[in-house]
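Notes follow the structure.
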């Protein structure tokens, strides 16, 4: 996973700069989200993974499925196809949206929870966290049963650990000292 993020990041940053300069962040966000869905289709996955299908044919296919006649988009898709990076479109789309949010002053909070939490609970948690971190937040929930209970929230390089596992670890450190 970390490897795909590392490879996708330069593409996402480049397309973000292009979209920002053109004043088309929202349009590009929608384009990339559509292409991400296309790239995950079973038949498309088999074509992308087939070495007998040329990069040019793949690029043409993706451009036709994008429902957009933008030359910059066509060049972007062609570049991805030539470098065999079309499978990274979901990650590129996610990173683009993250950069767009950060540009709007919104940060992503990754909420690790021992159990699934509903949208109302997430909204209440975000409402409590925004004043503490002095920024607007969007939340993404990751279920991690090893936490036993509670939540751990990561916003950038800051972590707020209110999990049972975190409290047990802190008690173990205190007892050892």
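Numbering (the working numbering), first residue to last: 1 to 177. Note that the Cβ used here is the ideal one computed from N, Cα and C, for glycine as well.
Simplified DSSP state of residue i, which is helix, strand or coil
i           : result
residue 160 : strand
residue 54  : coil
residue 135 : coil
residue 172 : helix
residue 7   : helix
residue 67  : coil
residue 12  : helix
residue 36  : helix
residue 1   : Its pLDDT being 49, under 50, residue 1 is placed unreliably by the model, and the measurement read from it follows with that caveat. Coil, per DSSP.
residue 148 : coil
Expected contact under 8 Å - CB spacing of residue i and residue j to nearest Å
i           : j           : result
residue 15  : residue 76  : 6 Å
residue 32  : residue 98  : Residue 32 to residue 98, Cβ: 12 Å. No contact.
residue 107 : residue 155 : 6 Å
residue 81  : residue 109 : Actually they are not in contact, since the Cβ atoms of residue 81 and residue 109 sit about 35 Å apart, beyond 8 Å.
Proximity to residue i [Cα-Cα], best of the options
i           : options               : result
residue 163 : 156, 151, 170 and 155 : 151
Residues near residue i in its chain [Cβ-Cβ closer than 7 Å; skip 5 each side]
i           : result
residue 12  : 92, 95, 96 and 99
residue 186 : Here the chain covers residues 1 to 177 and nothing more, so residue 186 does not appear.
residue 105 : 135 and 136
residue 44  : 38
Cut-off 8 Å between Cβ atoms - residues of its own chain near residue i, not counting five sequence neighbours on either side
i           : result
residue 5   : 91 and 95
residue 158 : 133
heavy atom of the ligand GDP below 7 Å from residue i C-beta
i           : result
residue 133 : Ligands displayed in this structure: none; no statement on the ligand GDP is therefore possible.
Neighbourhood of residue i by C-beta distance below 6 Å, restricted to the same chain and skipping five residues each side
i           : result
residue 153 : 109, 111 and 160
Checklist entry - Do the stretch 118-129 and the stretch 139-146 meet, that is, are 3 or more Cβ pairs less than 8 Å apart? => result The stretch 118-129 vs the stretch 139-146: in contact.
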